[in-house]
Amino acid sequence: MPDSQPQPPGGATADTTALLLCGARLTDGRTVDVRLGGGRIEAVGTAGSLTPHCARVDLSGYLLLPAPAEPHSHGDTALSADPPGPVSYETQEVQRRATEAALLQLGHGATALRSHVRIGDVHGLGPLEAVLQARRSLRGLVDLTTVAVPRLLTGVAGSDGLAMLRDAVKMGAAVVGGCPDADPDPTGYVEAVLEVAAEHGCPVDLHTHGDDPARLARLAAMAGGLRTGVAIGPCAGLARLPRAVASRAADQLAASGVTVICLPQGGCGAMEQRGTAPVRLLRAAGVRVAAGSGALRDVANPVGRGDPLEAAYLLASQAGLRAGDAYAAVATGAREAMGLPEVRVEAGFPAELLAVRGERLSAVLSLAYSRIVIHRGRVVARTSAVREYCDSAVAVALELPRQGRP
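Heads up: the sequence shown at position 325 corresponds to 1625 in this note's numbering, and the numbers run straight through without jumps.
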């Protein structure tokens, strides 16, 4: 019998808006069929129990998961490490880079992206306009939101940045952010960001090393009253503090409801320090922890992949998280940090899904090659990997997987 009641088929004709995922394996070991419709999961039932009057995708051999989300990317600087000469910030070039980067991350499985975009200085609001244009062109494939990141917000030099931050929100930036560590008055910077966020009802997402416990305490105290939510990251400096000091900072962040977004795959252009936040310590204190990718092949990390499954792999292999907790940091935790609805493979939840070839989550994080990405109930990206071995006695004897030739 189905585990969740299917919707009536409404006749024998195929429903062109529905999709049936057949034979998918879930993390609890069940093999199920999943029917999608109207951008949501309509029904989940044991394999073969749901009526197939719609398009079908065979997911035999795949593990079906809630799709990851990307809470910390940099679309304006992505893919800028390789071209010779200075990086171009012409609108068309930034839009091209941001679009290509978003599609790469979508192929990895992220169906929602948050892109931090620098504003001000000689480029003004041009990079933000370019990423907003990329957002419009990607509608229906991936959800892209932008964070406006001004350089200075305090003093005489910061007055222009504050005015530009307000203009950025009016243009369409959904989140206000920045780097208080780089301002002569970090506390004043945070106060300015929180003021703009309160004016416009926007979430806040700030870059910080997290290596100054007094500064973190002030940030936590100021951020506690903002209803729309505050995230900070990558906070790699927290790992360099004495454990007792870091534990007190973690308790303060937990009490204020601040989310920490770590970057296991490397840093980003706004942060020079490398390393990863102490995720186990933060989680033990009750801090909400998510993981992002940071730099994607720009000067800050020329080999950045922007792959949420690699971020989860690194949290499991290096930070010591269990596979389920590591994946939750790039899926459930990331979606919560971005204010997105929860996703479960259950009837009624959004059809934001990722199918990865493999039987168990630990194996998927280890060898996540073939992937099928589903956004708003339809397949939007596929990646297929084929492993071949030469003809040899040992390959035949062990029945190693290979692609045959006629």
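Ideal placement from N, C-alpha and C gives every residue a C-beta, glycine not left out.
Asked                                                                                                                                                                                        : Found
So, are the CB atoms of Leu1363 and Thr1327 less than 8 Å apart?                                                                                                                             : yes
Indicate the three-state DSSP secondary structure (helix, strand or coil) for His1423 in the structure shown.                                                                                : helix
Among the residues of its own chain, which have a CB less than 8 Å from the CB of Gly1420, if the five just before and after it don't count?                                                 : Pro1450, Arg1451, Leu1452, Asp1460, Gly1461, Met1464
Report yes if the CB atom of His1509 is closer than 8 Å to the CB atom of Ala1468, and no otherwise.                                                                                         : no
Between which residues of its own chain and Leu1621 is the CB-CB distance below 6 Å, once the five residues before and five after are set aside?                                             : Leu1615
For Val1680 and Thr1317, what's the separation of their Cα atoms in angstroms?                                                                                                               : 14 Å
Grab me the residues of Ala1355's own chain with a C-beta within less than 6 Å of its C-beta, minus the 5 sequence neighbours each way, in chain order.                                      : Leu1319
Spatial neighbours of Gly1375 within its chain, please: C-beta separation below 6 Å, excluding the five flanking residues on both sides.                                                     : Ala1398, Ala1401, Ser1415, Val1431
Using 8 Å as the threshold, is the C-beta distance between Ile1561 and Gly1592 below it?                                                                                                     : yes
Under 8 Å Cβ to Cβ from Arg1540, same chain only, skipping five residues before and after it: list those, please.                                                                            : Asp1511, Gly1575
Under the three-state reduction of DSSP, which class applies to Glu1342: helix, strand or coil?                                                                                              : strand
DSSP puts Leu1321 in a beta bridge; with which residues?                                                                                                                                     : Val1334, Val1357
Asp1512 lies in the beta strand (DSSP E); which residues open and close that run?                                                                                                            : Careful: Asp1512 lies outside any beta strand (DSSP E) and carries neither H nor E.
Taking a contact to mean a Cβ-Cβ separation below 8 Å, would you say Ala1651 touches Arg1676 in this structure?                                                                              : yes
Identify the continuous alpha helix (DSSP H) that holds Thr1632 and give its terminal residues.                                                                                              : 1632 to 1637
Going by DSSP in three states, His1416 sits in which element: helix, strand or coil?                                                                                                         : strand
Could you spell out where the alpha helix (DSSP H) holding Val1496 opens and where it closes?                                                                                                : 1486 to 1500
Identify, in the order they occur along the chain, each residue of the same chain with its Cβ nearer than 7 Å to the Cβ of Cys1502, setting aside the five sequence neighbours on each side. : Val1469, Ala1474, Val1475, Val1476, Thr1528
Using the C-alpha atoms, what's the distance from Ala1517 back to Gln1552?                                                                                                                   : 6 Å
Tell me the start and end of each unbroken alpha helix (DSSP H) in the segment 1441 to 1471 that is at least 4 residues and wholly inside, in chain order.                                   : 1455 to 1471
Cα-Cα, which of Leu1506, Met1471, Thr1487 is closest to Cys1479?                                                                                                                             : Leu1506
Our contact map puts Thr1454 next to Pro1484 with C-beta atoms below 8 Å; I'd like the distance itself, whole angstroms only.                                                                : 6 Å
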